[in-house]
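Asker: This is the structure I want to talk about, given as structure tokens.
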Amino acid sequence: MDDKTIGNGSEEVRIGFFICHCGSNIAGTIDVEAVADYVRTLPNVVVSSDYKYTCSVAGQDMIVEDILKYKLNRVVVAACSPLLHEKTFRAATQRGGINPFFFHMVNIREHGSWVHQDRALATQKAMDMARGAIARVKFHKALEKRREPVRQSVLVVGGGIAGIHAALTMANAGKKVYLVEREPTIGGHMAMFDKTFPTLDCAACILTPKMSEVGSHPNIVLWSYSEVTEIKGYVGNYDVTVKRKPRYIKEDLCVGCLDCIDHCVFKTGNTDDEFNQNLSKRKPVYIPFAQAVPRLVAIDPAACTHLNGGKCEQSCATACDRQAIDFEQKETFEHIGVGAVIVATGFKPFDAHRKPLYGYGRFPDVYTALEVERLVCSSGPTGGDVVLKDGSKPKSVGIIHCVGSRDHQTNRWCSRVCCMYSLKLAHLLKEHTDAEIYNFYIDIRTPGKGYEEFYERLQEEGNHFIRGRVGDITDVPIIPEEEGRMIVRVEDSLAGFVRRIPVDMVVLATGLEPREDASEIRRRFNISCSSEGFFLERHPKLAPVSTTTDGVFLAGCCQGPKDIPDTVAQAGAAAAESLVLLDVGYVEMEPMTAFVTEKYCSGCKTCLPLCPFSAISRDEEKGVAVINPVLCKGCGTCVAACPSGAITQNLFEDRQIFAEIEELLVHA
Amino acid sequence: MSSIQRQIRFESDRDPGFADEIRAMPGCELIDRCIQCATCSGVCPVSTYMELTPRRIIELTRNGFKQDVLNANTIWICTSCYECQVECPKEIGITDVMYALKTKAIQAGVEPKHLGPPVLFKEFYNMVRKTGRMSETQLAVRSFIKSNPMQMWGMKWLGLRLLKTGRFSVKLEHMPKPSVLHTALDHADRIDGRRAK
Amino acid sequence: MKYSYFPGCSLKATGRAYEESFLSLCKALDMEMEELENWNCCGATSFMSVEMGAAYALTIRNLAIAEKAGLDMVAPCGGCYGILLKADHYYKKYPTVHESAVKSLKTEGLEYKGTVRVRHPLDVLASDLPPRALRSKVKKPLKGLKVACYYGCRFVRPIAPFDDMHNPETMDLLLKTVGARIVDYTMKGKCCGGAMSGAMPNVAQEMTYLILRAAERAEADVVATACPLCQFNLEAYQDEIRAAHPDLKPIPVVYFTQLLGVALGLDATATALNRQIVPVEPILREKGILADEKKQPATAGV
Amino acid sequence: MPENFEPKILAFFCNWCTYTAADLAGVSRMKYEPTTRVVRVMCSGRVDPQFVLDAFAHGADGVLIGGCHPGDCHYVEGNYKLLRRFRMLRRLVASLGIEPERLRMEWISASEGERLQKVVNEMTAQIKLLGPLELPERFREWDTELHEETFDKEREVVASGQ
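Chains as they are written, first to last, in the numbering used here: chain A, 78 to 745; chain B, 129 to 325; chain C, -17 to 284; chain D, 25 to 186.
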């Protein structure tokens, strides 16, 4: 075969090769001039040059100019990862007047200079990789991106502050929003907080207006007590199934008068109130808290006598003059179509039982931070009275930072918010009890607007700051003043000696971790997790709210621990990214789909069950397989399986890959 | 004596090779991970008696302040109960570091000559190397003679109590065949973290 | 059930009540303990403090001998148990330890492949007996006896193969099985001072004081231990501790094997109760566990 | 075995997991052996057994296939399809007399840069011990042998007068 004429049609293949120094990132380890010199000797290569920063405007212009000057019809760039700059160079190729898919990229930075030390071997590897690309690009074809319309609606999963803010932003932009929340009310963790740092705004005062706005917004469909069970389709066109759990209340009839709660046969609560961190009891028919949205009661099937098959006069049902209570209610499923998805499923507080050292669950007056949030809150279980389990007021409180965080035995990461919320709780506890407050910390981290100033304020308020992670909490006194109290044993590392500090109350600043079901959610939405289990953004700096799945965005603590300002900012960003997608109105589909060459297809049906997207069907008339390009996502599994080689995947054609393999191994 | 002394360390006071020697000993490889959180000192049952808390030992060791570390009473007070090691959030083998430092101090000959623990360790070592077993009474007597002979008087009641309950034995215990152990131990490497030349 | 038995040095001296009670208990439960041939001292904390290479070689030698026997190796002393376990672990983890030990073992024609399972009597009694084997043999349940189980350091630190590192419970469960009431106190895993009791008596005695005090406050009648060093430190120095802390009442400190023996109705020689410095019989009689008959003369053998 | 033998490992990495993991290893500057030559595919399910055989036939000393962990496939189940094929392929390769260490399949997720480093280094070390595969050279030898054999046979046939 004549090499000069391989390719699309009969024209001569003219390849331009460009290798990037990336400053010293590549050139420091790989002899780029040698690679350029070598590639120049390969067949069909018309021009081969190196450049300091190929991705710069000047670098791209060089490619465009060379395409015109040397009448190039193929371009190969050896630089960084295609996941970073393939788009850039495809665009440059297009500007040179040729189809962007006549371009191929060689990764010699992430897979080369950054991971190897031996200059000769790294250079050899770069030459091999370049040769493989040169061989493959000859077989490239002109391809067109297909456009698909985008549905003008969005699914927001999770109704914490992230989901609320994202939903409102989208809804205010005129888009239809489906907000799905697992609990009976939206509000998330923020609704449980008393005040917010560093401004000490009342959390409820700033959150509940947003919650009611969600509840009444004409563009928002709010499904609480519901879960997304299935999502199919692709960017711009997702088909979603939502399971609506029975709350045993007809939502359209309930007006939230709460008469049913008053008339429940249980005169006081019979089950732990999750919203109050189990510090109080609630009835089986309940509303999580006064400002819950939607303002609908729910009946807890685990606590309700009737739903457990017991005998009950069902006084709640008779009390409701609108007959809204329906014990026969079953779960239902809603099917919706959306253009984008914002995942805002939040976090789980670290379980303090996992650090037995601190005596949580052993000593009655060891609390988690979230429990203390409820204790200091005037709508909390004690009406805002900070009292110990025996009813007395603490005279001395120890706040232990970094519980579960920065710890190889539990979670390695810094949870980012604990320092600041500990300071806030220190302030509130001081205000409520006038106790001596001891903060036991490793480092105080206050990177935020007004945060360091808040720390200073706390210092001036007379709080104690002891730099040392607590080693022991004991009830064995060695001097009389320790009698009957918990004694915190800690090295005051700035003073350089060990101290024993008797306290009446211990607060554990528990860190943030991924929810237990994070990995289930991740699979459902086809996104990735970082090693610790938080959802992975597409790029840590440049695409912080996108995921590897187009049209699925992240907001809030499901992506990593963050405070309320950052969460709201990220939720806004996720909404903005979704809006871009919706407002452009169409998505360009990558052309790497598969197609069947009819004359080779024997109609054996091997491929049919392989496609997870049901993109392949059989034309019974012709007896051949047909691939629907709209449904095909371009994985290539059917291509590899076709016994007669009738299926081709654009950009990953057999002849392209074989050419690449063989040339990669020339020097082997 | 009462003149005011300058309290400062110069770079020349450091022995960077020392930190490497310790890092190379079993269990000591993670000392650079320490964030000085002080959990070790907080949980250590005897840190209250130490001149330098375990946290400071780690910091001084990794910075090569050999003299400060080897001369502190800390390493001899450590009872090797491993509380620090299992609670360390960075999973540093703190107890192993203490062992490593003890061997270094004895190698360098800077261990306190009349402090109970180092005297006990050396007596124990010599006895076990010779007989293969440890004989409690003999060991106690030998250690007391070298560290604090007067203490033996205080122990006389204890001795009597043990005698009365049949737990006192002055016999020197030994393995049936200690010679095999002598040869075996002579052929073990000295694991002291020093790079082979 | 047959095991290799590594007594360790203390069980032949101050801790002989442990050996006596443990071996009679094993006999009563049909567990065979075969003492390791020509065993040597595990090295304890002391040897390791002087020379590290020889220290690991010393410990691993015992493992190599046990490997030849092909049985699980039972080490009742907490110190021995912890050190054997750690040596086995480090032998596999650190090439320096491995190479040194291999060279040393070779001189005796030994090798260690790393297959020995080091066990503690607590582990063996709790996991290896058929269900209800212990309970069915109980003749004198320890009804009403309030026991503070004291674990100390080495069963669960730095490696905890059979119990919770932060809240060990095996001894509690065993003694509960024979009818004892277990009191809860926060010092059960704290260090007793170990080998320092002789070398730094004032330091060690403060540590034991806190443990005994905590047990006393929890209203324990007796403290149960599973290590000769712990037992010795907690029991033998009570008079000396009382000099500094007159509030400390005498409290018997026994081996858990002694209590199990009592519950199984084993005789006084088998349970070695006569070796107590702080006698335990009075409280056992008071609770009606031991018959309140004629006082037996203290006939301690040497 | 030639001195300083540097094995060539042809690697097929899926775009979403293992290729990204390799990028992460790069960004984290994790050093590993410069022995791999990576072919990027969108999904490990695209890896055709013929690719693997072709790689060996053209001189690869080893072939590494990297995909997403089971259940994590970007295309739902492409990696399961690979797994099925791989089982067959492994037997085929073994029957060709190629050592099993030379063909490896690994699930490496986007966050497991460290794992990628470990796998490449491990595989390189194993193949260095095995030495070069040199299948093309062996093919040439076999061809010659085959030629000679047939030639001999033909001669025999001619000599026997048929």
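C-beta: ideal position from N, C-alpha, C; glycine also.
(1) If we ignore side chains and look at the alpha-carbon of each, how far apart do residue 212 of chain A and residue 737 of chain A end up?
(2) Are the beta-carbon atoms of residue 287 of chain C and residue -3 of chain C separated by less than 8 Å?
(3) Here's a check: name, in chain order, each residue in its chain whose Cβ is nearer than 7 Å to the Cβ of residue 669 of chain A, leaving out the five neighbours to either side.
(4) What residues match up with residue 300 of chain A in a beta bridge as DSSP calls it?
(5) Near residue 151 of chain C, which residues of its chain fall below 6 Å by C-beta distance, leaving aside the five closest residues on each side in sequence?
(6) Across the segment 130 to 139 of chain C and the segment 517 to 529 of chain A, are there enough close Cβ pairs to call them in contact, namely three or more that are closer than 8 Å?
(7) Since residue 590 of chain A meets chain D, which of its residues come closer than 9 Å, beta carbon to beta carbon?
(8) Please list, in chain order, all residues of the same chain as residue 133 of chain D whose beta carbon is under 7 Å from its beta carbon, the five residues on each side excluded.
(9) For my contact list, residue 299 of chain B and residue 263 of chain B are in at a C-beta cut-off of 8 Å; report their separation, rounded to the angstrom.
(10) Going by CA-CA distance only, name the one from C:-13, C:228, C:168 that's closest to residue 106 of chain C.
(11) Per DSSP, residue 308 of chain A forms a beta bridge with which residues?
(12) With DSSP collapsed to three states, give me the class of residue 245 of chain A.
(13) Could you give the distance in angstroms between the alpha-carbon of residue 136 of chain B and the alpha-carbon of residue 194 of chain A?
(14) Measure the alpha-carbon distance for residue 322 of chain A versus residue 8 of chain C and round it to whole angstroms.
(15) Does residue 272 of chain C pass the burial test, meaning 16 or more other C-beta atoms within 10 Å, or should it be called exposed?
(16) Counting C-beta neighbours from all protein chains within 10 Å, is the total for residue 78 of chain A 16 or more, i.e. buried, or is it exposed?
(17) Please name the residue in A:363, A:378, A:379, A:380 whose C-alpha comes closest to that of residue 372 of chain A.
(18) Which partner residues does residue 584 of chain A have in the DSSP bridge list?
(19) For residue 195 of chain C, return the contacting residues in chain B, with the cut-off set at a CB-CB distance below 7 Å.
(20) Along the segment 512 to 528 of chain A, where does the CB come closer than 7 Å to a CB of chain B? Name the residues.
(21) Whose C-beta lies closer than 8 Å to the C-beta of residue 16 of chain C among residues of the same chain, with five residues either side of it excluded?
(22) In or out: residue 282 of chain A buried (at least 16 other Cβ within 10 Å) or exposed?
(23) Just the chain C side, please: which residues come within less than 9 Å of residue 743 of chain A by C-beta, in chain order?
(24) Tell me which same chain residues have a C-beta within less than 6 Å of the C-beta of residue 352 of chain A, skipping the five on either side of it?
(25) Between the segment 302 to 309 of chain A and the segment 259 to 277 of chain A, are three or more C-beta pairs nearer than 8 Å?
(26) Anything in chain C within Cβ reach of residue 319 of chain B, meaning under 8 Å, just list it in chain order.
(27) According to the neighbour-count rule (16 or more other Cβ atoms, all chains shown, within 10 Å of its Cβ), is residue 193 of chain B buried or exposed?
(28) Evaluate contact between the segment 49 to 59 of chain D and the segment 104 to 111 of chain D, counting only Cβ atoms and requiring at least three cross-stretch pairs below 8 Å.
(29) Using a Cβ-Cβ cutoff of 8 Å, what residues of the segment 265 to 282 of chain B are near chain C? List them in chain order.
(30) Using the rule of at least 16 other Cβ atoms within 10 Å of the residue's Cβ for burial, across every protein chain shown, is residue 325 of chain B buried or exposed?
(31) Residues in the same chain with beta-carbon distance under 8 Å from residue 283 of chain C, minus the five sequence neighbours each way, listed in chain order, please.
(32) Is residue 34 of chain D helix, strand or coil when you go by DSSP?
(33) If you draw a straight line from the alpha carbon of residue 214 of chain B to that of residue 495 of chain A, how long is it in whole angstroms?
(34) Against chain A, which members of the segment 146 to 179 of chain C pass a CB distance test of less than 9 Å?
(35) Mind listing which residues of the segment 121 to 135 of chain D have their C-beta closer than 9 Å to chain A's C-betas, in chain order?
(36) Per DSSP, which one or two residues make a beta bridge with residue 131 of chain D?
Answerer: This is what the structure holds:
(1) Numbered from 1 along the first sequence, position 135 holds the residue referred to as residue 212 of chain A. Numbered from 1 along the first sequence, position 660 holds the residue referred to as residue 737 of chain A. In a straight line, the C-alpha of residue 212 of chain A is about 6 Å away from that of residue 737 of chain A.
(2) Chain C is shown from -17 up to 284; residue 287 of chain C falls before or after that span and cannot be answered.
(3) Working through the first sequence from its first residue, we reach residue 669 of chain A at position 592. For residue 669 of chain A, same chain residues with a beta-carbon under 7 Å away, outside a window of 5 residues either side, are 711, 726, 727, 728, 729 in chain order.
(4) For the purposes of this step, residue 300 of chain A is identified with residue 223 of the first sequence, where counting begins at 1. BP columns for residue 300 of chain A point to A:257.
(5) For the purposes of this step, residue 151 of chain C is identified with residue 169 of the third sequence, where counting begins at 1. Counting only Cβ-Cβ distances below 6 Å, and skipping sequence neighbours, we find nothing.
(6) Result no; under three Cβ-Cβ pairs closer than 8 Å.
(7) Residue 590 of chain A sits at position 513 when you count from the first residue of the first sequence. None at all; the shortest Cβ gap to chain D is about 16 Å.
(8) For the purposes of this step, residue 133 of chain D is identified with residue 109 of the fourth sequence, where counting begins at 1. So the qualifying residues of the chain are 41, 45, 92, 93, 96.
(9) Here the question's residue 299 of chain B lines up with position 171 in the second sequence. Here the question's residue 263 of chain B lines up with position 135 in the second sequence. Yes, they are in contact, since the Cβ atoms of residue 299 of chain B and residue 263 of chain B sit about 7 Å apart, within 8 Å.
(10) The sequence position of residue 106 of chain C within the third sequence is 124, counting from 1. That would be C:-13, whose Cα lies nearest to the Cα of residue 106 of chain C.
(11) As a position in the first sequence, residue 308 of chain A is number 231, starting the count at 1. Per the DSSP secondary-structure output, residue 308 of chain A pairs in a beta bridge with A:317.
(12) Residue mapping note: residue 245 of chain A aligns to position 168 of the first sequence, counting from 1. Helix at residue 245 of chain A.
(13) By 1-based counting over the second sequence, the position of residue 136 of chain B is 8. By 1-based counting over the first sequence, the position of residue 194 of chain A is 117. If you take the alpha carbons of residue 136 of chain B and residue 194 of chain A, they lie about 41 Å apart.
(14) Numbered from 1 along the first sequence, position 245 holds the residue referred to as residue 322 of chain A. Numbered from 1 along the third sequence, position 26 holds the residue referred to as residue 8 of chain C. One C-alpha to the other measures close to 58 Å.
(15) As a working mapping, residue 272 of chain C is identified with position 290 in the third sequence. It is buried - the Cβ of residue 272 of chain C has at least 16 other Cβ atoms within 10 Å.
(16) As a working note, residue 78 of chain A is residue 1 in the first sequence. At residue 78 of chain A the pLDDT is 39, less than 50, meaning the model places this residue with poor confidence; the figure from the coordinates comes in the next sentence. Counting Cβ neighbours within 10 Å, residue 78 of chain A comes out exposed, since fewer than 16 surround it.
(17) Within the first sequence, the letter at position 295 stands for residue 372 of chain A. The residue from A:363, A:378, A:379, A:380 with its alpha-carbon nearest to that of residue 372 of chain A is A:363.
(18) As a position in the first sequence, residue 584 of chain A is number 507, starting the count at 1. Paired residues: A:444, A:476.
(19) Within the third sequence, the letter at position 213 stands for residue 195 of chain C. None at all; the shortest Cβ gap to chain B is about 14 Å.
(20) From the segment 512 to 528 of chain A, only 519 have a Cβ closer than 7 Å to chain B.
(21) Numbered from its first residue, the third sequence carries residue 16 of chain C at position 34. Once the five neighbours on either side are set aside, the close Cβ partners of residue 16 of chain C are -16, -15, -14, -13, 51, 53.
(22) The residue given as residue 282 of chain A occupies position 205 in the first sequence. Exposed, because fewer than 16 other Cβ atoms sit within 10 Å of the Cβ of residue 282 of chain A.
(23) Taking the first sequence and counting its residues from 1, one reaches residue 743 of chain A at position 666. Under the 9 Å cutoff, chain C gives no residues; its nearest Cβ is about 40 Å from residue 743 of chain A.
(24) On the first sequence, residue 352 of chain A is found 275 positions in, with the first residue counted as 1. Within the same chain, Cβ atoms closer than 6 Å to the Cβ of residue 352 of chain A are found at 365, 366, the five residues on either side in sequence being excluded.
(25) Taking a cut-off of 8 Å for Cβ pairs, the segment 302 to 309 of chain A and the segment 259 to 277 of chain A touch, as three or more such pairs fall below it.
(26) To locate residue 319 of chain B, count along the second sequence from 1; it is residue 191. Chain C residues near residue 319 of chain B: 34, 35, 38, 78, 79, 82.
(27) For the purposes of this step, residue 193 of chain B is taken as the residue at position 65 of the second sequence. Label assigned to residue 193 of chain B: buried.
(28) Not touching, per the Cβ criterion.
(29) The residues in question are 265, 268, 271, 272, 275, 279, 282.
(30) Translated into the one-based positions of the second sequence, residue 325 of chain B becomes position 197. Here residue 325 of chain B scores only 45 on pLDDT, less than 50, and its place in the model should not be relied on; the value that follows carries that caveat. An exposed status is given to residue 325 of chain B, since fewer than 16 other beta-carbon atoms sit within 10 Å of its beta-carbon.
(31) On the third sequence, residue 283 of chain C is found 301 positions in, with the first residue counted as 1. Low confidence applies here, because residue 283 of chain C scores a pLDDT of 46, under 50, leaving its location unreliable and the question unanswered by this model.
(32) For the purposes of this step, residue 34 of chain D is taken as residue 10 along the fourth sequence, with counting starting at 1. Secondary structure of residue 34 of chain D (DSSP, three-state): strand.
(33) The sequence position of residue 214 of chain B within the second sequence is 86, counting from 1. The sequence position of residue 495 of chain A within the first sequence is 418, counting from 1. Residue 214 of chain B and residue 495 of chain A have their C-alpha atoms roughly 24 Å apart.
(34) Flagged, chain order: 146, 147, 148, 149, 166, 167, 168, 169, 172.
(35) Listed in sequence order: 133, 134, 135.
(36) By one-based count along the fourth sequence, residue 131 of chain D stands at place 107. The partner list for residue 131 of chain D (beta bridge, DSSP) reads D:91.
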